[in-house]
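A.B. asks: So the sequence shown is numbered by this note's numbering: it starts at 964 and just counts up by one.
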Amino acid sequence: MRTDLLLKNLCLVKTRGVARKGLDSGSVKLHGVETKPAREVNEGDVIEIRYPDRVLVIELTAIPRGQVPKNGRTEYFRIIREKPLHRDSGGWNA
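Following this line, the structure appears as structure tokens:
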């Protein structure tokens, strides 16, 4: 599954366009490296998402087949780390 689609399907961003914006700006990394929206993701991949107010690092445990309800999304990833950020530290609007 494409990285931008995965972020949308797991409700980690509101829209696929927002996912692309984050990927293009370098606010989303795959295994610590900036990546493109079309990059395929697999189980076991580690994704770092830099939101305006926090950094979220997850490991994918499964790839969803489609849109996942927000309350069921944790079946597809585990949180490795979540760290709050200061307001002026960057990120993009999710």
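Here a beta-carbon is modelled for each residue, glycine too, at the ideal position from N, C-alpha and C. Quantities reported herein were computed from a predicted structural model and do not represent experimental measurements.
Using a Cβ-Cβ cut-off of 6 Å (strictly less than) and excluding sequence neighbours within five positions of R1002, which residues of its own chain qualify?
C.D. replies: Result list for R1002: T966, in chain order.
A.B. asks: So, using beta-carbon positions, are V976 and G985 closer together than 8 Å?
C.D. replies: Going by C-beta atoms, V976 is nearer than 8 Å to G985.
A.B. asks: Across which residues does DSSP place L1019 in a beta bridge pair?
C.D. replies: Partner(s): I1012, E1045.
A.B. asks: Looking only at its chain, what residues have a beta carbon closer than 7 Å to the beta carbon of R983, apart from the 5 residues adjacent to it on each side?
C.D. replies: Excluding sequence neighbours, R983 sits near D967, P1000.
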